[in-house]
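Residue numbers (this note's numbering): 38 to 284.
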Amino acid sequence: MAVSCDSSYLEFDQLPDLNNDAVFLLPLVNSDISIDDIIPDEDNDIFVVGADHQISLVFNERVLSVTASEFYEMPEQTINISAPVFSVADLPVVERTLEINTGMDDRLDSVRFSAGNLFFQLSSPALLAAGHRVTAIIVFPEVRTSIGQPLRVEVPLTPTANSRSVSLANVFFPFHSVGNIHNNFDMEVQVRFDVIGPGSNGPFDLNFTTQFSGLKVHSVAGIIAPRSVALAPTTMDLPMFGANFYG
């Protein structure tokens, strides 16, 4: 979870006895350094990164293996926003800046997720009561899907449908800061009227509920706050150190 560097930056004179003192060693993921470069062959009670990019710990002859995403997960969160629809003839693009909650004091430049979902739900009682049926076209202009396209979701609003869910697996989020608020990303909303009813022409409030769930991280660039992880079946807490990093 750090930038690459020469193996001369890493020196270990002696590793503690893990029967008495656990060691947390996380090799550099984006690096040509091998375990043998920094750890003698006879020292097996360490973290290793295999060819499958699994991070493993050999501890008292028990092997534990986890993916990087299990070291860094984000909490579920719900964002509620409102966008005005002034009339059926006036359909501007509404822009909003949203903040993703990492659960810690992190200042992230970008995240690529390995798992997770983004759920949208729309509501506008007045718009539906007027007999209108719309589709909200939601675009995240800087966010990229697995094929490199901007993330785009169309959410209908009818009496029988008002939600959509999209997978965030392999989706890349770049972030920016607004003052002291970090981990921000932009969203654009355009409303398309599919059916124009006989009722009011507006204005209407279109309410969005945006929910992130099951977020696991594939890679991160930025600054993360210190955190710890506990790996069953051991009872160790392994500290993650805050730093500028990519990995």
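Note that beta-carbon positions come from the ideal geometry of N, C-alpha and C, so glycine has one too.
Values in this document were obtained by computation on a predicted structure and should not be read as measured data.
| Asked | Found |
| --- | --- |
| Using three-state DSSP, classify Leu165 as helix, strand or coil. | helix |
| Kindly indicate which residue of Ile137, Gln158, Ile118 and Ser237 has the alpha-carbon position closest to the one of His213. | Ile137 |
| Report yes or no: is there a C-beta of chain B within less than 7 Å of the C-beta of Asp127? | The chain labelled as chain B is not found in the depicted structure, where only one protein chain is given. |
| When you compare only the Cα positions, how much space is there between Ala166 and Met141? | 42 Å |
| Could you give the distance in angstroms between the alpha-carbon of Ser200 and the alpha-carbon of Ala126? | 24 Å |
| Skipping 5 residues on each side, what residues in its chain have a beta carbon closer than 8 Å to that of Thr172? | Glu191, Val192, Pro193, Leu194, Val228, Arg229 and Asp231 |
| From Ser119, Leu145 and Leu205, pick the residue whose C-alpha is nearest to that of Ile261; which is it? | Leu145 |
| What are the complete alpha helix (DSSP H) segments, minimum 4 residues, inside the region 120–192? | 162–166 |
| Compare the beta carbon distance of Asn221 and Val215 with 7 Å and say whether it is the shorter of the two. | yes |
| Using DSSP bridges, identify the partner residues of Ile116. | Thr247 |
| Please report the straight-line C-alpha distance between Leu252 and Leu205, rounded to a whole angstrom. | 8 Å |
| Let's test the definition: count the other Cβ atoms within 10 Å of the Cβ of Thr139 and tell me whether it reaches 16, buried, or not, exposed. | buried |
| With H, G and I counted as helix, E and B as strand and the rest as coil, what does DSSP make of Phe241? | strand |
| Would you decide whether Ile218 is buried or exposed? Buried here means 16 or more other CB atoms lie within 10 Å of its CB. | exposed |
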